[in-house]
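To keep things clear, I will list the structure first and then write my remarks on it.
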Amino acid sequence: MIAKLRIEGRDEDNKAWVLGWWMCKTVPYVQGVSVCASVYSLVAVSLDRFIAIWFPLGGGLTKGKARIIIVVIWCVACTMALPWALYFDLVSPEKDHPNVEFCVENWPSQINEDLYFLIGNLLLCYIFPLGGISLCYLLIWVRVLRRHVPTDSADALQKVHHKAKVGVLKMLVVVVMAFLLSWLPLYALFTRMKFGSPLSPWEDNLVTIVRPIAQWLGSSNSCINPILYAYLNVKFRRAFQSLQPQCCQPQPTYSHTSTKSSLLIPRPQTSLYNVTTGV
């Protein structure tokens with residue numbers, strides 16, 4: 023993905039593709055697969071939250087079902103991005119310089135290219151998934167707002183569960199909004215380029231500047247999500263810390279007394295460790 027963004031930024035400066043035919047096929051395909059898998063993972067999470075809140079007695083999502091859903095998501099993503107692997111190719115625009123090649127989409131016809139962008143990218147990987155996600159969260163909000171929040175001490179555990187569900191919902195809404203805003207400029211730009219009137223000279227110059235920025239912004243969504251999870255979800259932070267190697271975990275420091283028995287007495291942690299482990 024980094025190579026893809028770097029080369030596309032250079033294309034605007036008339037720099038040729040230097041990574042070869044295989045990378046010309048692979049890099050766009052991997053980028054398309056990652057985008058599709060990302061959005062459909064958000065769809066799966068929103069459906070799981072919807073079912074858990076609207077049908078709490080349904081048994082929930084098991085590990086086996088989760089594995090199947092993950093496999094299906096990646097299979098669908100690999101299939102939907104397949105045209106990019108087929109139709110991205112090296113092209114030599116100048117006959118006088120046959121060794122100067124560019125990695126571009128080379129479709130049989132412009133209609134096929136526009137239809138794939140409209141159906142395969144814009145609708146199936148952006149508008150429809152976000153519409154489904156928004157509907158799930160809207161119904162979840164309705165359920166949460168209508169649900170009676172217990173007030174007596176006997177229902178304290180239920181209050182904790184209710185608060186946890188609301189917290190998870192807020193986190194997922196932020197993640198979805200980040201995805202929406204990250205990819206919106208790029209989809210809006212390509213929709214204008216493919217289905218609008220021919221670009222004027224000043225618009226063409228503007229696209230030269232805006233296009234790489236929109237691509238970097240869209241791909242940055244994959245970097246933003248882990249930060250959002252860590253910031254908004256305490257359980258995520260604890261689970262991540264539990265996966266760290268033993269050498270990365272803060273170790274307690276001990277001091278021994280000068281008595282004959284050499285008793286070990288734990289010393290309190292410094293403020294540095296307190297800050298680190300409290301995140």
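The numbers in my numbering rise by one with no breaks, and the one at position 23 of the sequence shown is 45. All C-beta atoms, glycine included, are put in the ideal place defined by N, C-alpha and C. In this text the structure is predicted, and so the values were computed from the model without any measurement.
- In the structure shown, residue 70 falls within a helical segment according to DSSP collapsed to helix, strand and coil.
- The beta carbons of residue 246 and residue 210 sit about 19 Å from each other, so the pair does not count as a contact at 8 Å.
- Boundaries of the alpha helix (DSSP H) harbouring residue 239: 223-241, taken from the DSSP string.
- Taking a cut-off of 8 Å for Cβ pairs, the stretch 145-160 and the stretch 65-83 touch, as three or more such pairs fall below it.
- Residues of the same chain with a CB within less than 8 Å of the CB of residue 197, apart from the 5 flanking positions on each side, are 64, 247, 250 and 251 in chain order.
- Here the alpha carbons of residue 205 and residue 239 stand approximately 7 Å from one another.
- Excluding residues up to 5 positions away in sequence, 74 lie with their Cβ nearer than 7 Å to the Cβ of residue 82 in the same chain.
- DSSP, reduced to helix, strand and coil, places residue 188 within a helical segment of the structure shown.
- If you compare the alpha carbons of 261, 162 and 181 with that of residue 77, the shortest gap goes to 162.
- Contact between the stretch 128-138 and the stretch 43-50 is absent: fewer than 3 CB-CB pairs across the two stretches fall below 8 Å.
- For residue 127, the three-state secondary structure derived from DSSP is strand.
- For residue 110, the enclosing beta strand (DSSP E) stretches over residues 110-113.
- Linking residue 107 to residue 141 through their CA atoms gives a straight-line distance of about 17 Å.
- The three-state secondary structure of residue 54, taken from DSSP, is helix.
- Residue 207 places its beta carbon 8 Å or farther from that of residue 62.
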